[in-house]
Amino acid sequence: MREPDGFTDFVSGHQRRLQRTAFLLTGDWQVAEDLVQTALAKAWGHWSGITRADRPEVYVRRVIVTTYISWRRRRWWRNELAVAEIPDQQHRADLQADAANRLLARKLLAALPTRQRAVLVLRFFDDLTETEVAAMMGCTVGTVKSQTAKALAKLRTNADLAAWRGQELPR
Amino acid sequence: MNGNDQIASRVLDAAVDEPPRPVSLEKIRDQVTRRRRHRVIGGAAALAIVAAAVTAVAMMVPGMVIRPVVAAQPGSRVIELAGVEPLTQAEAGAARTTVAQRLQVLGIPGSVAVAGGHLKVNADVAARLLPALTAVGQVQFRPVLSAAPQPAGTLCPAPSPQAFTACDGQHIYRLGPVVVTSAGLVSVRAARTPAGSWVIQLQFNAAGARLLATATGRIVTLQPPANELAICVDGVVWSAPTVMSEFTGGSSRIAGDFTEAHAKLLAATITGRPLPEPLHASSSRQ
Chain E
1 MREPDGFTDF VSGHQRRLQR TAFLLTGDWQ VAEDLVQTAL AKAWGHWSGI
51 TRADRPEVYV RRVIVTTYIS WRRRRWWRNE LAVAEIPDQQ HRADLQADAA
101 NRLLARKLLA ALPTRQRAVL VLRFFDDLTE TEVAAMMGCT VGTVKSQTAK
151 ALAKLRTNAD LAAWRGQELP R
Chain W
1001 MNGNDQIASR VLDAAVDEPP RPVSLEKIRD QVTRRRRHRV IGGAAALAIV
1051 AAAVTAVAMM VPGMVIRPVV AAQPGSRVIE LAGVEPLTQA EAGAARTTVA
1101 QRLQVLGIPG SVAVAGGHLK VNADVAARLL PALTAVGQVQ FRPVLSAAPQ
1151 PAGTLCPAPS PQAFTACDGQ HIYRLGPVVV TSAGLVSVRA ARTPAGSWVI
1201 QLQFNAAGAR LLATATGRIV TLQPPANELA ICVDGVVWSA PTVMSEFTGG
1251 SSRIAGDFTE AHAKLLAATI TGRPLPEPLH ASSSRQ
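Respectively, the protein sequence lines represent chains E and W.
When we follow this note's numbering, the leftmost residue of the first sequence carries the number 1, and every step to the right adds one.
When we follow this note's numbering, the leftmost residue of the second sequence carries the number 1001, and every step to the right adds one.
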């Protein structure tokens, strides 16, 4: 079975971006890989329609987001908990700062509810507009706005953010 | 960009590193060719059935005969729907109601009249939508007992008293007893989601919803493929979604990659009381 025209090029051109988006949603590279693979397999079957009607990355990203939300709803994977502990902060402080920030950032994201996390990733990692996010998630622009505000408020008030190291946080 | 936006971007950028390996085209290929795993979501208020693409319309009604029809042209035309034998008055009356409801689901204005032992449909129905009017349209929800690949070019094994079999063009399913039929459905319609995709919405009556809840509650804990519920239309499996939780709502959604025409066609096919037999259509311009 041959892949449709342009499919391979699309995959090689967009895979890093798509995988990173999927990782930010799921917090697990293995699940992210499954998610991207599932979305691309779906796109494969409808390639000519997609490339006619839409930009393929819009379609694939939409499948990733909706699949992520439905997986979460069904709790297909439950193993994603906040990263257990931030490494000992006394230990080799400078070298560890980046890694600690990474774990902390993941912990902060993991603490967000499914949809808030999705709007955050789409708005601020994929740089989509509120309208684009609304279309992708099948909700209104108002919902995107309110979910974004809640997610940001939650990030801000999370006490763990105070542990962010190395740089001052913007006010 | 204000402070809040910056926090979000910084947290996101900090959280992600590089993918450990590239996407594998081989794995995608496997997934495309492998049996499509359908999934069902049950909910308190509604259940959602997420199905992959539904089999071609021609598959839906084996043995269905469509007489040659003139190509769709603008303006009304008369389509004659007839059985092998003339329909009885009662059959024709019921079929008229069904066909009229299906036209409505298709969104095509027109009228249906009984003329002798057949029906006269006065509407502009494109040839590819005609199967929605001529199919029997009997829906059966049945639990899957087993599923096996169907070798290309082979016919679906006929159901026997020992085993009810049905196929979807790629797989042979052995199916358990009927849970709900068309009689448990109140309405079917094609609807557009806010995201712009097309779904088929099914509304069950109280008895249908109760039967579905009991059956899904039973099979939800079983091992695949016994946790799948097949949706059979006229003996062909449209979709065999996996039951993820007990259905407690009275409505459901079939979501796939439907085009508008496809969703309407499928929705119309299972609308109304099933026809007494597959009808054939012949038409003439009016």
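Built from N, CA and C at the ideal position, the CB exists for glycine as well.
- In this chain, the alpha helix (DSSP H) harbouring H1262/W covers 1260-1269.
- The distance from the Cβ of T1165/W to that of R1174/W is about 6 angstroms, consistent with a contact at the 8 angstroms cut-off.
- Contact with chain W is found for G45/E, since one of that chain's Cβ atoms lies less than 8 angstroms from the residue's Cβ.
- Secondary structure at N101/E: helix, using DSSP grouped into helix, strand and coil.
- Chain W has no Cβ within less than 8 angstroms of the Cβ of F10/E.
- Looking at the DSSP output, N1122/W shares a beta bridge with V1078/W, S1111/W.
- Going by DSSP, S48/E is part of the alpha helix (DSSP H) stretching over 47-53.
- Under the three-state reduction of DSSP output, R1253/W falls in the strand class.
- For Q37/E, the closest Cβ of chain W is nearer than 8 angstroms.
- Non-local beta-carbon contacts of Q116/E in its own chain, meaning distances under 6 angstroms to residues more than five positions away in sequence, involve Q147, K150, A151 in chain order.
- Residues of chain E whose Cβ lies closer than 8 angstroms to the Cβ of S1009/W are, in chain order, F124, F125.
- Secondary-structure assignment with DSSP links Y1173/W through a beta bridge to A1147/W, A1166/W.
- When the alpha-carbon of V1178/W is set against those of Q1140/W, V1199/W, S1160/W, the nearest one is in Q1140/W.
- Under the 8 angstroms Cβ criterion, the segment 1118-1137 of chain W does not count as touching the segment 1217-1226 of chain W, having fewer than three qualifying pairs.
- Counting only residues of its own chain and dropping the five nearest sequence neighbours on each side, A1207/W has a CB closer than 7 angstroms to the CB of G1184.
- Around the beta carbon of Q1089/W, fewer than 16 other beta carbons sit within 10 angstroms, so the residue counts as exposed.
- If you ignore the 5 residues before and after A39/E, its C-beta comes within less than 7 angstroms of the C-beta of V60, V63, I64, T67, all in its own chain and listed in chain order.
- DSSP places L1229/W in the uninterrupted beta strand (DSSP E) bounded by 1229-1233.
- Residue pairing by DSSP places Q1140/W opposite T1181/W, C1232/W in a beta bridge.
- In this structure, the alpha-carbon of P1086/W lies about 21 angstroms from that of D1234/W.
- In this structure, DSSP gives A1206/W a helical state, which the three-state scheme calls helix.
- Nearest neighbour of T1154/W by Cα position, chosen from I1172/W, F1258/W, V1084/W, turns out to be I1172/W.
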